[in-house]
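Numbers given in our numbering equal positions in the sequence shown, counted from 1, plus 1.
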Amino acid sequence: MLSCQEIEVLPKKRHTSKFPQRLRLLRLLACVVERPIIPNVRFALQTITDADSRLKFRFDVAGVQRLVVALRLPEVVVTSSRDRCLASEALCITLCRMSYPRLYYDMMATFDRSRESICRIFNYVIDFLFDKWKELLYFCDSIVVPRLVIKFETCRITQKRDRVASSFADLQRLIYSGHKRRPCLNCFQAVTAPDGLCVHFWGAAEGSRHDTTLLRLSKLEAYLVARCDLFRDVLVMMTRRIWRVGVDMLRLQRQ
């Protein structure tokens, strides 16, 4: 590494030196130039206080770091458009986006990135988590089996309807909801235990479908029957007591 005095002398010799010496000069200058860090760190989680972290990401700083390890995110996230960031920043973008209905424009000041870059990183993390944990998202056996007798005597199927789409020109039959000018992906399904823990996620379904059709398409009952060796006699009790929010609650109130 050259000293400061040597660097000051190099530009003065540029006009008087010959061509080989100029090449050597360029090589020396290239060694002196400080290269940027790859990936370019624009967001440092350690500089945020725990109070701000809970408000923005629903986790404190240590909780976000543990979540990065638990979800097995890659150390450096690289999108298809060559956006690079550390795993902690990518997870913070995802948590910030999902903690409250925010626009990508609102997140630009926090992460010092464009809206398009934030969107690509967010989509990358969502796709990665689904590909990595899709079996666990479909049904969490490791949680249900040990707690089945104690807490999961009754489970509730929650079906969220009408997520409106902005513009779908060629998919009218798939996203028709039965209402004018409201194309949408109709339903997402989840199984919620009495303690509030969701143990099953499925969706979305295309078109206007009945709740029983969605339950059949999700193949949840077949999944439980195929694992009868885990659930044994409690499986019968559980499948009989799975009920839908709204319709079955109204029937119980009338009775």
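We put the CB at the ideal spot given by N, CA and C, even for glycine.
Predicted model only: the values in this text are computed from it and were never measured.
Distance, residue j Cα to residue i Cα
i	j	result
Y105	P21	51 Å
T193	L137	14 Å
D132	G204	15 Å
Q256	D113	For Q256, the predicted structure reports a pLDDT of 46, less than 50, and the residue's modelled location is therefore unreliable. A value from the coordinates is still provided. If you take the alpha carbons of Q256 and D113, they lie about 57 Å apart.
P102	I127	16 Å
T95	S81	17 Å
M109	R23	43 Å
F58	T213	36 Å
D107	C97	10 Å
L56	K135	28 Å
V78	L221	33 Å
S54	A227	42 Å
L74	L68	9 Å
A52	L216	41 Å
R25	K19	10 Å
V62	S89	10 Å
T111	A223	46 Å
S219	E76	34 Å
A191	S115	34 Å
S168	G64	At S168 the pLDDT is 47, less than 50, meaning the model places this residue with poor confidence and gives no usable figure here.
V165	R28	Confidence in V165 is poor, its pLDDT being 45 and thus under 50, which makes the residue's placement unreliable; the coordinate value appears in the next sentence. Distance between the alpha carbons of V165 and R28 is about 58 Å.
Endpoints, the alpha helix (DSSP H) within which residue i is located
i	result
V69	62–72
C86	No alpha helix (DSSP H) contains C86, which is instead part of the beta strand (DSSP E) from 85–87.
L225	221–227
Y269	Any property of residue 269 remains undetermined from this structure, which presents the chain solely from 2 to 256.
Top-ranked residue by Cα proximity to residue i, from the options
i	options	result
R43	A52, F58, C93, D53	C93
R83	S118, M109, C141, C97	S118
C199	A223, Y139, K57, T214	Y139
S143	H201, A223, R55	H201
Q66	V79, I49, T80, S81	I49
M99	P75, V78, F60	F60
N124	K135, A91, K57	A91
L46	L87, Q190, K19, R217	L87
A71	L130, L225, K220	L130
R121	R85, S89, C97	R85
C141	V62, T111, L225	L225
Min CB distance residue i to chain B below 8 Å
i	result
K19	Structure shown: chain B not included; a single protein chain is present.
Endpoints, beta strand (DSSP E) assigned at residue i
i	result
V79	77–79
Residue i, DSSP secondary structure in three states
i	result
C120	helix
F44	coil
C199	strand
T95	helix
T50	coil
F189	strand
P21	helix
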